[in-house]
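Trainee:
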Amino acid sequence: MPFTAPSWVPELPPIPDSISVETFMFDESYGRTALSKSKAPFTDGASGKTYSALEVKKRVDHLSRALSKELGFKPDSGSEWDKVVACFSLNTIDYLTLAWAVHRLGGLLTCVNAAYNADELEYQLKDSGAKAIFTCLPLLQTTMTASKKVGINKDKVFLMDMDKSFTGGAKNPGHKTLDEFVQAGAGLPSFEPADKKWGPGEGTTRIAFLCYSSGTSGLPKGVMIAHSNVIANTIQICNHESQDRADMKKKLGVSEYTEYALGLLPLSHIYGLVVVSHSRLYRGDGVIVLPKYDFKQLLQVIQDFKIVMLYLVPPMIIHLTKSREIVKQYDLSSVRACFTGAAPLGKETAEDLLSIFPTWAVRQGYGLTETCTVVCMTMTHDIWFGSSGSLLAGYTARVIDPDGKEITEYNVPGELCVKSPSVVPGYLRNQKANDETFVQFDDGRYMKTGDEVIVAKSPQGYEHITITDRIKELIKTKGHQVAPAELEAHLLTHPAVNDVVVIGVPSEREGEVPKAFVVKAPGSIEESDALLRRDIMKYVEKHKTDYKRLRGGVEFIDVVPKSPSGKILRRLMRDKEREKMKK
Ligand code: 4UW
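Shown next as structure tokens:
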């Protein structure tokens, strides 16, 4: 028997499958009433600038009219692949205004990690076929370098508006801005949103977002996220939390209740995009947007806006626990829950956090880009440190051993495979990865997560999923993905590197960091190991973004262990490294 959501989780309501995310968020006939009554959807944490839900709706409409004129995108013709817009920006209050305007036109938004350098941005622009880019002043130079290389003209590079405290006094050298489009759009003719012409089920194949993930192996791949995937997970998350919300209303003696959530995590990443933004706005909550991680500003903003729900990744929680003296200077009593995910949160760290903030609920969620986020999460009434909580309604999960045999017992580790309306249709142009990742079981199509888990009962008596290890070739550093294959391919272009394997090694602050094991090219023997090591690290530093640096170091080895078919035995290297670290 597969595992499913526990009995306390309400049954999942039907998932609308013939509308866009934008319609779902604004159209009250889909049960979406809270957005218009809610707190302002997005507020800039630095300047306090904000728009009401009605204003956001208008901005989406006007922006889509102006973009249609500017880019020639017609809502009633062409596929989403003819209407790809890239967003390479730090978080702003208009990130989703842009996404929803593109959806109105029947296009898709490819979300680019704002930490990327020009080479990495170029790869995604080319792979996604983006026709235009929205960026922000701090990232303009990087954008121009990449856009030139892929042939996107300067006049198709636009700017998101951002508070001047984040732009470092830089001036706009003449790019059109999102605000200017909104203003211009007010005077342009209106049109029917693209999804008005969609047939039943079309929302399951029409793509809303293209985010990048390396999946279980290889280079970063475009994950095609359908409109219905975002809608499904948004409903699944809110459904999971409905008891919590009802308890809160009862405790406060109110019939309506909305709160502020922290929008610090990148909106370009699935955690920020779905969990922090879409699911909060659907609930009627407001998101306080911060473009950058500045510890003191973060504490100030929590205090000023009386934020109730924190969304963080484990390194940020460790930062909190190690900064007791600073933290004490702020009033953080508004916080009710601190949510963490994207990488494991140690039980000790959770306990440390609680020792400082005994009233906070420390909750964990687990999910992937490919499941369009949350698979399971802990709830206030069922917290178990170390576990990632119970499956959301609509999920079925199977745990399999390396031979594909199903494990049904508790506490026996195996690979987690999941089925859910939020599981994406697949990777862009990558049949091999699709065949390996999305597999058929008797009862339907499952995603093999590449994560090792155990299922066990929580002290409260509900089935929980605990992530015990990672089977796939992925390094998670500060919540960001690093694909070992990407670093290996790059390192092989270094003249002194004959062969290489990259693995993640544990790091207290970052969770994991990449480490390279290098087989030297014969000619490089002359150079001292220390010099060569530094040179190789610099080679990554120069060409890759900061979080991909070889912070775990470089070690020289004689041979990279490989299977008879030539596959790198990465796990062997990792196990050896773990043994070494224990000593
Ligand atoms: N514990 C251990 C975890 C955990 C984890 C993810 O970059 P992606 O594709 O996606 C994410 C998603 C983060 C996320 C999902 C649901 C949720 O509730 C939440 O927040 C609270 C965050 O990071 O990377 C997916 C991979 O990241 C690892 C795991 O290996 C997974 O396959 N991962 N969450 N709680 N590991």
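In terms of our numbering, the sequence shown opens at residue 6 and continues consecutively.
Built from N, CA and C at the ideal position, the CB exists for glycine as well.
Remember, it's a predicted structure, so these values are computed and weren't measured experimentally.
From which residue to which residue does the beta strand (DSSP E) around L421 run?
Mentor: 419 to 424
Trainee: Could you tell me which residues DSSP pairs with F163 in its beta bridges?
Mentor: F139
Trainee: With hydrogens ignored, establish whether the beta-carbon of D456 is closer than 7 Å to any heavy atom of ligand 1.
Mentor: With a threshold of 7 Å, the Cβ atom of D456 counts as near ligand 1, since some heavy atom of the ligand is closer than that.
Trainee: Enumerate in chain order the residues of its own chain whose CB-to-CB distance from T376 is below 8 Å, with the five nearest sequence positions on each side excluded.
Mentor: Cβ neighbours of T376 beyond the five flanking positions: N238, V423, S425, S427, V428, V429, M452, T454.
Trainee: Does DSSP classify Y35 as helix, strand or coil?
Mentor: Y35 falls in the helix class under three-state DSSP.
Trainee: Closer than 7 Å to a non-hydrogen atom of ligand 1 - does that hold for the CB of P511?
Mentor: no
Trainee: Which residues share a DSSP beta bridge with L215?
Mentor: T115, M229
Trainee: Within the continuous beta strand (DSSP E) that includes Q486, where are the two ends?
Mentor: From DSSP, the beta strand (DSSP E) with Q486 extends over 485 to 487.
Trainee: When every heavy atom of ligand 1 is checked, does at least one fall within less than 7 Å of the C-beta of G192?
Mentor: Not so, every heavy atom of ligand 1 lies at least 7 Å from the Cβ.
Trainee: Please state whether DSSP places M382 in a helix, a strand or coil.
Mentor: strand
Trainee: Could you give the DSSP three-state label for L428: helix, strand or coil?
Mentor: According to the sequence provided, residue 428 is Val. The question's Leu does not apply to it. Three-state result, V428: coil.
Trainee: Can you give me the start and stop residues for the beta strand (DSSP E) that I361 sits inside?
Mentor: No beta strand (DSSP E) holds I361; the alpha helix (DSSP H) holding it covers 352 to 361.
Trainee: Per DSSP, what are the beta-bridge partners of H469 in this structure?
Mentor: A461
Trainee: Spell out the partners DSSP gives G509 in its beta bridges.
Mentor: P519
Trainee: Report all residues from its chain with a CB closer than 7 Å to the CB of E546; omit the five preceding and five following residues, and keep chain order.
Mentor: R554
Trainee: Whole angstroms are fine: how far does the CA of T413 sit from the CA of M6?
Mentor: 7 Å
Trainee: Just the C-alpha distance for E60 and A120, rounded to the nearest angstrom, thanks.
Mentor: If I take the Cα positions, the gap works out to 30 Å.
Trainee: Thinking V487 and I480 are a contact (beta carbons under 8 Å), I'd like their distance in whole angstroms, please.
Mentor: Right, their Cβ atoms sit about 4 Å apart.
Trainee: Who are the near neighbours of R368 in its chain, counting only those whose CB is closer than 8 Å to its CB and skipping five residues on each side?
Mentor: A342, C343, F344, T345, M382, T383, M384, T385, I388, G394
Trainee: At what residues does the beta strand (DSSP E) containing V294 begin and finish?
Mentor: 291 to 294
Trainee: How big is the Cα-Cα spacing for V14 and Y467?
Mentor: 11 Å
Trainee: Based on DSSP bridge pairs, tell me the residues matched to F395.
Mentor: In the sequence on display, residue 395 carries Ser and not Phe. In DSSP, S395 forms a bridge with M382.
Trainee: Do you know whose CA, among K525, Q302, R583, A137, lies nearest A91's CA?
Mentor: It is A137 whose Cα lies nearest to the Cα of A91.
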